[in-house]
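Student: Numbering (this note's numbering), first residue to last: 101 to 219.
Note that the Cβ used here is the ideal one computed from N, Cα and C, for glycine as well.
Before I ask anything, let me first share the structure, which is written out below as structure tokens.
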Amino acid sequence: MERIAQTVWFPFVALFVSNVFMTFAWYRHLKFKEHQPLWIAIAASWGIAFFEYLVMVPANRYGSARFSLFQLKLSQEVITLVVFTGFAFFYFGTKPQWNHVAAFACILAAVGFAFLPGK
Numbered sequence: 101m102e103r104i105a106q107t108v109w110f111p112f113v114a115l116f117v118s119n120v121f122m123t124f125a126w127y128r129h130l131k132f133k134e135h136q137p138l139w140i141a142i143a144a145s146w147g148i149a150f151f152e153y154l155v156m157v158p159a160n161r162y163g164s165a166r167f168s169l170f171q172l173k174l175s176q177e178v179i180t181l182v183v184f185t186g187f188a189f190f191y192f193g194t195k196p197q198w199n200h201v202a203a204f205a206c207i208l209a210a211v212g213f214a215f216l217p218g219k
């Protein structure tokens with residue numbers, strides 16, 4: 101595991117996997133809100149989030165050896181939007197509007213700035 105975790109791509113792949121779990125934890129219950137009591141949605145979300153943390157913590161721990169905290173966080177935001185967009189499309193059948201795409205481009209630009217030299 102140590103050897104894999106030290107690769108440049110590990111943090112981003114792990115962040116992607118953790119975001120898949122977290123997106124399901126946060127939004128899956130919306131499809132069943134008429135048929136599922138809130139307490140069950142909360143308990144199920146916490147159960148899913150547990151697996152998200154099993155991947156997110158190593159992603160940040162190993163990623164911080166190579167990337168700054170700001171680079172990791174901004175990268176995670178882009179990954180979150182990519183995962184959420186796919187989830188919204190395939191799970192709920194919704195598509196982003198032009199303004200959503202423009203906002204996404206702004207966040208992507210922020211990541212680009214984060215990876216530029218600071219001094």
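Of the choices F184, K173, Y191, G193, whose alpha-carbon is the least far from that of A210?
Tutor: Of F184, K173, Y191, G193, the residue nearest in Cα terms is K173.
Student: Measure from the alpha carbon of G147 to the alpha carbon of each residue in A125, A214, L138, then state which is nearest.
Tutor: Among A125, A214, L138, the Cα nearest to that of G147 is on A125.
Student: Measure the alpha-carbon distance for L130 versus K219 and round it to whole angstroms.
Tutor: Their backbone Cα atoms lie some 45 Å apart in a straight line.
Student: Keeping to the same chain, check which residues put their C-beta closer than 7 Å to that of Q136; ignore five residues upstream and five downstream.
Tutor: Correct list, in chain order: H129.
Student: Is it right to say F55 is buried, meaning 16 or more other beta carbons lie within 10 angstroms of its own, or is it exposed?
Tutor: The first residue shown for the chain is 101 and the last is 219, placing residue 55 beyond what the model contains.
Student: Return the Cβ separation of Q171 and A214 in integer angstroms, given the expectation that the two are a contact with Cβ distance under 8 Å.
Tutor: With a Cβ gap of about 5 Å, Q171 and A214 count as contacting.
Student: Are the CB atoms of F204 and L169 nearer to each other than 8 Å?
Tutor: The answer is no: Cβ separation not under 8 Å.
Student: Please check the pair V155 and V117, which I expect to be a contact at CB under 8 Å, by giving their CB distance rounded to whole angstroms.
Tutor: Contact holds; Cβ gap of about 5 Å.
Student: Can you name, in chain order, every residue of its own chain whose Cβ lies under 7 Å from the Cβ of Q176, other than the five neighbours on each side?
Tutor: Around Q176: L115.
Student: Can you round the beta-carbon distance between P111 and Y153 to whole angstroms, since I take them to be within the 8 Å contact cut?
Tutor: With 8 Å as the limit, P111 and Y153 do not qualify as a contact, their Cβ atoms being about 15 Å apart.
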